[in-house]
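In our numbering, the protein residues as written are 386 to 735.
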């Protein structure tokens, strides 16, 4: 460790918290300084793996440490507001896993705490950093497909893991299942169709194969309209196998088709491809990136961007405002599922 290393405190040391710790350790200029875990057994696991780090079962002790620069929050969704606001009020920069929170009110409280305390707030929409999903964004921004008109983001996968003590299957702690994973796809759709203005309305459908639990939606689809006429389709099924994601974007002058497949979302050896077509050139190009892509790799990029943002004033990959927009889209989608009618998306202003 050097004096210039950015010192991270991690709150939450489950499966994904472990991945965060590994990503921090692999990032130049970053170090795991402290870990807050839920139980004595997970604290002991943290001590064995990161003997240099302070370990505690009380996240308040962690955020009170003077030597912590960034608090990386990887806890169940319903705790995001509590932990993030406390960290920001302690003057710490925050990296907050998605969803930013489970209500717009909670998002606003987190944003207010970041502004009042002049702290950076990044939200974990790491797919924006993918060598492939970001390539789609770059092509759209370069005008390769003309004016973007349509975007499809689709996922077919095996069911969710339950999470520690089954929290992911407890709707009170999750908020709604659209916030759990489709939130990534709403974020991508809004990002890709930024030239079309803000999302305005949404119509969504969902159902469950779990008897007595309609709130746990194994199949979900939504159609979202944008200010300037573009629209997006976001669809997911948890009634399938492995992990297969696809993005299609079309515009006035072309189309992009990208796909990613692996045994699970965190596989280190996925199959992926990206092709693009431009009507003027009338040719299909294989633009599959050479660099490996997947959640584990993007997480490392996320840490590197956080280091650069704190040390050098660099950009964040996804801001608190982005995180709040994502929650707003998911909340509207759930309301549409519940009511069976289209729902207006409340505009989120900075």
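Note that beta-carbon positions come from the ideal geometry of N, C-alpha and C, so glycine has one too.
These numbers come from a predicted model, not from an experiment.
- Query: What does DSSP give as the partner residues of residue 533 in its beta bridges?
  - Reply: 636
- Give the single residue among 714, 630, 706 whose Cα lies nearest to the Cα of residue 735. 706
- Where does the unbroken alpha helix (DSSP H) through residue 403 begin, and where does it stop? 400–410
- Message: Using a 10 Å radius around the Cβ and a threshold of 16 neighbouring Cβ atoms, would you call residue 485 buried or exposed?
- Response: buried
- Query: Could you check where the alpha helix (DSSP H) with residue 688 kicks off and where it finishes?
  - Reply: 680–697
- Cα separation between residue 557 and residue 682? 31 angstroms
- Going along the chain, which residues of its own chain have a beta-carbon closer than 6 angstroms to the beta-carbon of residue 725, five neighbours each way excluded? none
- With residue 668 as the anchor, note down where its beta strand (DSSP E) starts and where it stops. 668–671
- Query: Counting Cβ pairs closer than 8 angstroms, one from the region 468–487 and one from the region 526–545, do we hit at least three?
  - Reply: no
- Three or more C-beta pairs below 8 angstroms linking the region 712–721 and the region 553–569: yes
- Query: Mind pulling the alpha helix (DSSP H) runs of 4 or more residues that sit fully within the region 540–598?
  - Reply: 556–559, 567–577
- Task: Going by CA-CA distance only, name the one from 452, 392, 424, 523 that's closest to residue 480.
- Result: 392
- Query: Pairing CB atoms from the region 661–678 with CB atoms from the region 630–641, are three or more of them under 8 angstroms?
  - Reply: yes
- Is the region 445–453 in contact with the region 407–419, if contact means three or more CB pairs nearer than 8 angstroms? yes
- Query: Within 10 angstroms of its Cβ, does residue 445 collect 16 or more other Cβ (buried), or is it exposed?
  - Reply: exposed
- Message: To the nearest angstrom, how far is the alpha carbon of residue 508 from that of residue 516?
- Response: 19 angstroms
- Per DSSP, residue 372 is paired with what? The requested residue 372 does not occur in the structure, where the chain is confined to residues 386 to 735.
- So residue 591 and residue 612 are in contact, right, with Cβ under 8 angstroms, and what is the actual spacing, rounded? Actually they do not touch by this definition, with Cβ atoms about 25 angstroms apart.
- Message: Are the CB atoms of residue 608 and residue 626 within a distance shorter than 9 angstroms?
- Response: no
- As assigned by DSSP and simplified to three states, the class of residue 663: strand
- In this structure, does DSSP put residue 449 in helix, strand or coil? coil
- List the endpoints of the continuous alpha helix (DSSP H) containing residue 723. 705–724
- Taking the alpha-carbon positions, what's the residue 659 to residue 642 distance? 6 angstroms
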